[in-house]
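Trainee: Just dropping this structure here.
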Amino acid sequence: MGQQIDDTTHKATRAVSAVTDALEDSVIAARRVARDGADAATELLYNTKRRLQRNPIESVAVTFAAGLAAGTMIGWMMKPGKSQKQSE
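Under my numbering, the first residue of the sequence shown is numbered 915, with each subsequent residue one higher.
Next up, the structure:
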């Protein structure tokens, strides 16, 4: 009976150790992904800033066009349709 308890204790200890190792690996991987994401965001911000400084007129024109397109789409979507006018 004592041997069986020792075997069970040993198996439980190995299982806990395996779970702990897996958890530590997951935490390390999550930290790596977060760091890589932060690095990518920083690089994107830097590249955007550099592009704005090199091409300010083009940047303003593209932003204006995007705003105009978005405003037109929103206005078109909010405009009442023919089906609502006929029901009145």
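Using N, Cα and C, we set each Cβ at its ideal position, and we do this for glycine too.
Could you tell me the distance, in whole angstroms, from the CA atom of Ala944 to the CA atom of Met915?
Mentor: 44 Å
Trainee: Could you tell me how far apart the beta carbons of Leu982 and Ser973 are, in whole angstroms, since I believe they sit closer than 8 Å?
Mentor: Wrong, their Cβ atoms sit about 15 Å apart, outside the cutoff.
Trainee: Taking the straight line between their C-alpha atoms, what separation do you get for Lys993 and Asp950?
Mentor: 44 Å
Trainee: Look at the alpha carbon of Leu958 and the alpha carbon of Ile988, and state the distance between them as a whole number of angstroms.
Mentor: 28 Å
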